[in-house]
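For reference, the structure is listed below as structure tokens.
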Amino acid sequence: MRPSDFNRLVKLAAKQGYYPLCKKFIEDNFDEGFHPLALATLVYYLPRNILDLQSKEERKAAIDSIPDDATPSHTKQLVKHGVTRLWQRERNGVSR
Amino acid sequence: MGFQDDLKRGVAVEDDLLLRLREVFPNATRAEGVHPEFDINIPELQKTVEVKYDPMSQKTGNIVIEYYHNKPSAFSVSLADYWVIDTGVKASWFTKEEIFECIVCEGLDPVRIVGTTDSYPKWVFLIPRGVLTRYSNVAQAARL
Numbered sequence: 042m043r044p045s046d047f048n049r050l051v052k053l054a055a056k057q058g059y060y061p062l063c064k065k066f067i068e069d070n071f072d073e074g075f076h077p078l079a080l081a082t083l084v085y086y087l088p089r090n091i092l093d094l095q096s097k098e099e100r101k102a103a104i105d106s107i108p109d110d111a112t113p114s115h116t117k118q119l120v121k122h123g124v125t126r127l128w129q130r131e132r133n134g135v136s137r
Numbered sequence: 455m456g457f458q459d460d461l462k463r464g465v466a467v468e469d470d471l472l473l474r475l476r477e478v479f480p481n482a483t484r485a486e487g488v489h490p491e492f493d494i495n496i497p498e499l500q501k502t503v504e505v506k507y508d509p510m511s512q513k514t515g516n517i518v519i520e521y522y523h524n525k526p527s528a529f530s531v532s533l534a535d536y537w538v539i540d541t542g543v544k545a546s547w548f549t550k551e552e553i554f555e556c557i558v559c560e561g562l563d564p565v566r567i568v569g570t571t572d573s574y575p576k577w578v579f580l581i582p583r584g585v586l587t588r589y590s591n592v593a594q595a596a597r598l
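The listed protein sequences correspond, in order, to chains A and B.
Using our numbering, the letters of the first sequence correspond one by one to residues 42 to 137.
Using our numbering, the letters of the second sequence correspond one by one to residues 455 to 598.
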């Protein structure tokens, strides 16, 4: 699989927003050998997609849908941090 | 400079940082054995440090952050509180969250690279040096 195709598919997985749906998308659309790589990559695309959800409640539910023991480690904390920082940047209308 | 030279220099960079840390934190130690979670432990602070030597960034302009090498690796498995990235010219301190924040906020896509001595491709983020530096609060504090 070409890296560009791989990235495109992981971005589509992240668009599902909720972790179990993202994981199912990966399982349905990638060969099994790619699952760990896709999950390791998903963490970088999830914050933007969670921030784009309609309401605060949906964003909170999406973050809460990430298991505490998701692989790679600290997935939940990193995604939460990413969502928070993206939100702060957009609220302030500044880039660092 | 070849891979072995870079490896030796990387170890020397770790040694140098460890010596400097021990001036303030005498109990600082290097992680022994295969220890991908961190490189240096500072018991006095209950903090750990990952040291990354990236001299190629002087040529390419990019810092390489690896996260997958046949399995989750480097950034994905590091538990270090701080990452020290040494370009051979300058060492910068980051938290893992700051590096992650940079990748996410800059909307970077990963790339696949194959090193000359690698059996498997690595998946990495190539982060422009100047961009990454903006996300270091340590660097920002130093400018104040």
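All residues carry an ideal CB built from backbone N, CA and C; glycine is no exception.
Because the structure is a prediction, the values reported are computed rather than measured.
Per-residue burial, B:V503 [other beta carbons within 10 Å of its own, 16 or more giving buried]:
Buried, by the Cβ-count rule.
Buried or exposed for A:R137, going by 16 or more other Cβ atoms inside 10 Å?
Because A:R137 sits at a pLDDT of 47, beneath the cut-off of 50, its placement in the model cannot be relied upon, and the following sentence gives the value as read from the coordinates. Around the beta carbon of A:R137, fewer than 16 other beta carbons sit within 10 angstroms, so the residue counts as exposed.
As assigned by DSSP and simplified to three states, the class of B:F479:
Looking at B:F479 - three-state DSSP - the assignment turns out to be coil, as it is neither helix nor strand.
So who's on the other strand from B:N516, going by DSSP bridges?
DSSP lists B:P582 as partners of B:N516.
Please go through the same chain and pick out, in chain order, the residues whose beta-carbon is closer than 8 angstroms to the beta-carbon of B:E491, but skip the five residues on each side of it.
Answer for B:E491: A485, T502, V531, S532, L533 and A534, listed in chain order.
For A:K44 and B:G569, I'd like the C-alpha separation in whole angstroms.
A small fix is needed here, since residue 44 of chain A is Pro in this sequence, not Lys. Note on geometry: alpha-carbon atoms of A:P44 and B:G569 lie some 16 angstroms from one another.
Chain-order list of residues whose beta-carbon lies under 7 angstroms from that of A:L50 (same chain, five-residue window excluded):
Excluding sequence neighbours, A:L50 sits near N70 and F71.
Just how far apart, CA to CA, sit B:Q500 and A:D46?
Their backbone Cα atoms lie some 42 angstroms apart in a straight line.
On a Cα-Cα basis, can you pick out the residue from B:V505, B:G561 and B:G515 that is closest to B:L461?
Per the Cα distances, B:V505.
The alpha helix (DSSP H) enclosing B:K501, as first and last residue numbers
No alpha helix (DSSP H) holds B:K501; the beta strand (DSSP E) holding it covers K501 to Y507.
Any idea if B:P480 is buried or exposed, counting beta-carbon neighbours within 10 angstroms, 16 or more meaning buried?
Flag for B:P480 reads exposed.
Collapsed DSSP secondary structure at B:N591 in the structure displayed
Note: B:N591 maps to helix in three-state DSSP.
Would you mind reading off the limits of the beta strand (DSSP E) that contains B:T549?
Boundaries of the beta strand (DSSP E) harbouring B:T549: A545 to T549, taken from the DSSP string.
Suppose the cutoff is 8 angstroms on Cβ atoms and the five residues either side in sequence are ignored; what does the same chain contact list for A:H76 look like?
Excluding sequence neighbours, A:H76 sits near I67 and E68.
Pick helix, strand or coil for B:P490, following the three-state DSSP scheme.
Note: B:P490 maps to coil in three-state DSSP.
Taking 6 angstroms as the limit between beta carbons, can you name the residues of its chain near B:A545, skipping five residues before and five after?
Here the set comprises V538.
Does the beta carbon of A:H122 come closer than 8 angstroms to any beta carbon on chain B?
Yes - at least one Cβ of chain B is within 8 angstroms of the one on A:H122.
Which same chain residues, not among the five before or five after B:L475, have their C-beta less than 6 angstroms away from its C-beta?
Once the five neighbours on either side are set aside, the close Cβ partners of B:L475 are A482.
Rounded Cβ spacing between B:Q512 and B:V543 (contact assumed at less than 8 angstroms)
About 6 angstroms separates the two Cβ atoms, so the contact holds.
Inter-residue spacing [alpha-carbon to alpha-carbon] between B:D459 and A:A111:
Those two C-alpha atoms are separated by around 37 angstroms.
The region 535-554 of chain B: positions lying closer than 7 angstroms to chain A by Cβ
Listed by position along the chain: E551 and F554.
Cβ closer than 7 angstroms: which chain A residues qualify as neighbours of B:Y522?
Those are L78 and A81, listed as they occur along chain A.
Consult DSSP for B:K576 and reduce its assignment to one of helix, strand or coil.
In the three-state reduction of the DSSP assignment, B:K576 falls in the strand class, which pools E and B.
Can you say whether A:R126 is buried or exposed, counting buried as having 16 or more other CB atoms within 10 angstroms of its CB?
Counting Cβ neighbours within 10 Å, A:R126 comes out buried, since at least 16 surround it.
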